[in-house]
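**Student:** Residue numbers (this note's numbering): 268 to 745.
In this text, a Cβ means the ideal position worked out from N, Cα and C, and glycines have one as well.
(1) Does residue 610 come out as helix, strand or coil in the three-state DSSP assignment?
(2) Return the chain-ordered list of same chain residues with a C-beta closer than 6 angstroms to the C-beta of residue 437, the five sequence neighbours on each side being excluded.
(3) List, from N- to C-terminal side, the beta strand (DSSP E) runs of 3 residues or more that fit wholly inside the stretch 624–712.
(4) What are the start and end residues of each continuous beta strand (DSSP E) run of 3 or more residues lying completely inside the stretch 568–604, in chain order?
(5) Does the beta-carbon of residue 668 have 16 or more other beta-carbons within 10 angstroms, so that it is buried, or is it exposed?
(6) Please state whether DSSP places residue 472 in a helix, a strand or coil.
(7) Which parts of the stretch 398–431 are runs of the alpha helix (DSSP H), unbroken and 4 residues or longer, counting only runs that do not cross its ends?
(8) Kindly confirm or deny that the stretch 367–386 and the stretch 474–485 touch, where touching means at least three C-beta pairs closer than 8 angstroms.
(9) What residue does the alpha helix (DSSP H) around residue 530 start on, and which one ends it?
(10) Once DSSP output is grouped into helix, strand and coil, what is the label at residue 283?
(11) Pair every Cβ in the stretch 491–501 with every Cβ in the stretch 636–653, then say whether three or more of these pairs are closer than 8 angstroms.
(12) Have a look at residue 278 and residue 313 and give me their C-alpha separation to the nearest angstrom.
(13) Span of the beta strand (DSSP E) holding residue 482?
(14) Return helix, strand or coil for residue 370, following the three-state DSSP convention.
(15) DSSP state of residue 504, grouped into three classes?
(16) Might you give, ordered along the chain, the residues of its own chain that have their beta carbon closer than 6 angstroms to the beta carbon of residue 641, omitting 5 neighbours on each side?
(17) Please report the distance separating the alpha-carbon of residue 530 from that of residue 319.
(18) Three-state secondary structure (DSSP) at residue 346?
(19) Have a look at 565, 357, 539 and flag the residue whose alpha-carbon is nearest the alpha-carbon of residue 452.
(20) What separation, rounded to the nearest whole angstrom, lies between the Cα atoms of residue 292 and residue 567?
(21) Nearest by alpha-carbon distance to residue 455: which of 403, 611, 509, 404 is it?
(22) Leaving out five residues on either side along the sequence, give the residues of the same chain with a beta carbon under 7 angstroms from the beta carbon of residue 465.
(23) Would you kindly work out how many angstroms separate the C-alpha atoms of residue 647 and residue 325, rounded to a whole number?
(24) Under the assumption that residue 718 contacts residue 435 (Cβ atoms under 8 angstroms), give the Cβ distance between them as a whole number of angstroms.
(25) Excluding five sequence neighbours on each side, which residues of the same chain lie with their C-beta closer than 6 angstroms to the C-beta of residue 427?
(26) Please return the same chain residues whose Cβ sits closer than 7 angstroms to the Cβ of residue 520, not counting the five positions on each side in sequence.
(27) Check the C-beta distance from residue 665 over to residue 696 and give it rounded, since I have them as a contact under 8 angstroms.
(28) Excluding five sequence neighbours on each side, which residues of the same chain lie with their C-beta closer than 8 angstroms to the C-beta of residue 391?
(29) Give the DSSP bridge partners of residue 525, in chain order.
(30) Can you give me the Cβ contacts of residue 524 inside the same chain, cut-off strictly under 6 angstroms, excluding the 5 residues immediately before and after it?
(31) Check whether the stretch 542–561 touches the stretch 595–610, counting contact only when three or more Cβ pairs, one atom from each stretch, lie closer than 8 angstroms.
(32) Would residue 751 and residue 352 qualify as a contact pair, given that the criterion is a beta-carbon distance under 8 angstroms?
(33) What three-state label does DSSP hand residue 390 in the structure shown?
(34) Could you check if residue 586 is buried or exposed, using at least 16 other CB atoms within 10 Å of its CB as the buried criterion?
(35) For the alpha helix (DSSP H) containing residue 438, list its first residue and its last residue.
(36) Given residue 557, which residues of its chain have a CB within under 6 angstroms of its CB, disregarding the five upstream and five downstream residues?
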């Protein structure tokens with residue numbers, strides 16, 4: 268479609284309504300109500316249709332944001348959802364947990380004037396349309412092939428690969444070692460950021476399409492990599508990054524109630540988190556640390572203090588996550604790192620000792636210098652260590668002859684293939700993702716490479732990406 272440059276409306280950015288803090292900290296429900304059709308339409312009219320779309324250039328998924336903004340502005344909602352579905356297999360997830368303020372919205376040309384266009388909530392609005400209206404169209408157009416692919420891991424990269432492979436007609440079986448599918452979005456991301464029913468609807472849609480999920484199936488235990496290679500035409504490894512960066516040598520790390528972020532958040536999502544009252548300290552300043560701190564608030568801890576080595580300006584993570592955590596009462600303590608955990612003769616932690624740290628920016632990772640004589644001790648009945656995760660190739664890779672690359676992840680080429688022909692990998696296990704949107708992009712790229720690999724082996728041309736058609740009778744946003 269031809270894109271016309273609209274007259275820029277000098278209206279301000281509209282934020283979604285947030286539930287009152289006093290109410291939302293009492294449950295695990297989502298805090299934002301989203302934007303309705305009228306508000307979304309108003310935001311699309313703020314888009315100035317840049318000649319160089321910095322929003323799309325800043326999206327790791329390569330979402331064609333200007334096109335679906337144009338379509339939304341014209342009231343072509345289903346068509347906009349079709350365009351979104353071409354590149355994004357999980358818009359209901361990215362529309363909630365993607366750090367848009369560091370990506371598409373952070374690059375928005377009008378951001379410095381009246382606030383960025385609310386791209387993420389337009390995407391969130393379209394996600395429901397895509398699942399209800401566009402997915403049935405895609406399913407009806409699928410032509411099954413006699414090829415089969417095993418996907419190891421059902422996190423974002425695995426689900427993305429399964430989505431696009433199934434669209435191309437390949438039979439897909441997803442091996443998941445956990446009792447539930449969905450990876451970290453299902454097990455670790457708290458419900459106040461992502462309502463799990465949304466993810467379940469996507470999983471159900473994949474199952475209706477013929478994607479098989481084998482839960483409790485761990486490669487290396489339930490089956491070997493060689494068995495997968497013998498039983499399937501191609502394999503995609505998407506096991507994620509679960510090796511937490513920790514401080515195991517810190518005195519007192521073995522004390523009770525000193526937990527890792529993943530362990531703590533998994534228990535919280537299951538409704539099994541250790542409840543307050545008491546004082547909680549979260550170590551780390553990234554988005555996962557904010558999740559842990561906000562979960563501790565909901566478990567009844569007060570005060571909840573988040574201590575991190577960086578300054579507030581250099582803190583990793585999304586500014587919006589930081590803002591929401593502070594609004595919910597989380598205390599921030601920048602410039603401090605842990606030295607020891609104290610039990611004071613008890614089996615459980617009673618306090619954490621901190622030292623002052625100066626964060627010095629550098630060309631690579633920032634450097635941290637201890638500040639002599641500057642320290643604190645915080646009473647704590649719960650301590651959560653949230654320093655992020657380190658990629659590591661799955662244990663079954665070495666026996667299978669799969670090479671490791673930089674940062675100890677699985678080494679892949681530009682087409683996401685490993686050193687073994689027909690075995691591909693993507694997402695955090697390669698050490699190159701880090702964000703859900705990047706993992707989704709890995710899965711999509713791998714699916715296309717796998718499709719080409721399988722079709723070339725049979726002398727077939729790779730299936731082209733579907734082209735959306737305009738639904739001219741729809742005027743939902745008018």
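**Tutor:** Quick answer:
(1) Three-state result, residue 610: coil.
(2) 412, 414, 416, listed in sequence order.
(3) You should have 634–646, 649–652, 690–692.
(4) Correct list: 571–575, 598–601.
(5) Label assigned to residue 668: exposed.
(6) In this structure, residue 472 counts as helix in the three-state DSSP scheme.
(7) For the stretch 398–431, whole alpha helix (DSSP H) runs of length 4 or above, ordered along the chain, are 402–408.
(8) Output reads no: the stretch 474–485 does not touch the stretch 367–386.
(9) For residue 530, the enclosing alpha helix (DSSP H) begins and ends at 528–536.
(10) Here DSSP, grouped into helix, strand and coil, assigns residue 283 to coil.
(11) These segments do not touch.
(12) So the alpha carbons of these two residues sit roughly 7 angstroms apart.
(13) In the DSSP annotation of this structure, the continuous segment of the beta strand (DSSP E) that includes residue 482 starts and ends at 479–482.
(14) Correct three-state label for residue 370: coil.
(15) In this structure, residue 504 counts as strand in the three-state DSSP scheme.
(16) Only residues of its own chain outside the window of five on either side were considered, and among them 623 have a CB closer than 6 angstroms to the CB of residue 641, listed in chain order.
(17) Taking the Cα positions, residue 530 is about 43 angstroms away from residue 319.
(18) Residue state, collapsed to three classes: helix.
(19) With distances taken between Cα atoms, residue 452 lies closest to 357.
(20) One C-alpha to the other measures close to 9 angstroms.
(21) Comparing Cα positions, the closest option is 509.
(22) For residue 465, where only same-chain residues beyond five positions count, the Cβ hits under 7 angstroms are 359.
(23) If I take the Cα positions, the gap works out to 40 angstroms.
(24) Taking a contact as a CB-CB distance under 8 angstroms, the pair residue 718 and residue 435 counts as one, their CB atoms being some 5 angstroms apart.
(25) Same-chain partners within the cutoff: 356, 707, 710, 711.
(26) Result list for residue 520: 514, 608, in chain order.
(27) Contact doesn't hold; Cβ gap of about 13 angstroms is too wide.
(28) 301, 302, 358, 359, 362, 363, listed in sequence order.
(29) For residue 525, DSSP records a beta bridge to 650.
(30) Within the same chain, residue 524 has close Cβ partners 615, 616, 649.
(31) The stretch 542–561 vs the stretch 595–610: in contact.
(32) With the chain running from 268 to 745 in the structure shown, residue 751 is simply not present.
(33) Looking at residue 390 - three-state DSSP - the assignment turns out to be helix.
(34) Exposed, by the Cβ-count rule.
(35) Unbroken run through residue 438 is the beta strand (DSSP E), 438–443; no alpha helix (DSSP H).
(36) Contacts found: 588, 592.
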